[in-house]
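The letter at position 64 of the sequence shown is residue 81 when you use my numbering, and the numbering goes up by one with no holes. Take a look at the structure set out below.
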Amino acid sequence: MKKEIKDLVARRFTQAEIGQRLNVSQQTVFKWLKKQVPSGRVIPLCQLMGWEVTPHELRPDLHPTPISGIPEGVILPKKREGV
Numbered sequence: 018m019k020k021e022i023k024d025l026v027a028r029r030f031t032q033a034e035i036g037q038r039l040n041v042s043q044q045t046v047f048k049w050l051k052k053q054v055p056s057g058r059v060i061p062l063c064q065l066m067g068w069e070v071t072p073h074e075l076r077p078d079l080h081p082t083p084i085s086g087i088p089e090g091v092i093l094p095k096k097r098e099g100v
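Here it is, written out as structure tokens:
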């Protein structure tokens with residue numbers, strides 16, 4: 018995962034908060050951020066982040082286009098600089 022994406026996630030939630038909200042341990046979230054988010058957790062994490070992070074940014078291997086994995090009708094937040 019790109020450092021910019023990790024930093025964005027860390028500014029919004031602690032690893033423990035993400036774990037509580039997604040029903041996993043803080044250690045599990047640490048592993049996701051260190052390596053990669055499992056396929057079944059990409060969409061829930063994006064939802065938790067209010068779509069500030071997209072499925073494409075988390076797992077471009079699974080979501081090859083910038084809008085891949087984003088449900089119809091979701092309005093994305095304004096794009097960030099440098100990501």
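Each residue gets a CB set at the ideal place from its N, CA and C atoms; glycine is no exception.
In whole angstroms, give me the CA-to-CA distance for T71 and I84. Inter-residue distance for T71 and I84 is about 8 Å (C-alpha atoms, whole angstroms).
Decide yes or no for the touch test of the region 59 to 77 against the region 25 to 35: beta carbon pairs closer than 8 Å, at least 3 of them. Taking a contact to require three or more Cβ pairs closer than 8 Å, the region 59 to 77 and the region 25 to 35 qualify as touching.
Endpoints, alpha helix (DSSP H) assigned at E74: 72 to 75
Can you tell me whether E89 is buried or exposed, with buried defined as 16 or more other CB within 10 angstroms of its CB? exposed
Integer-rounded CB distance, given that L50 should sit under 8 Å from M18: 6 Å
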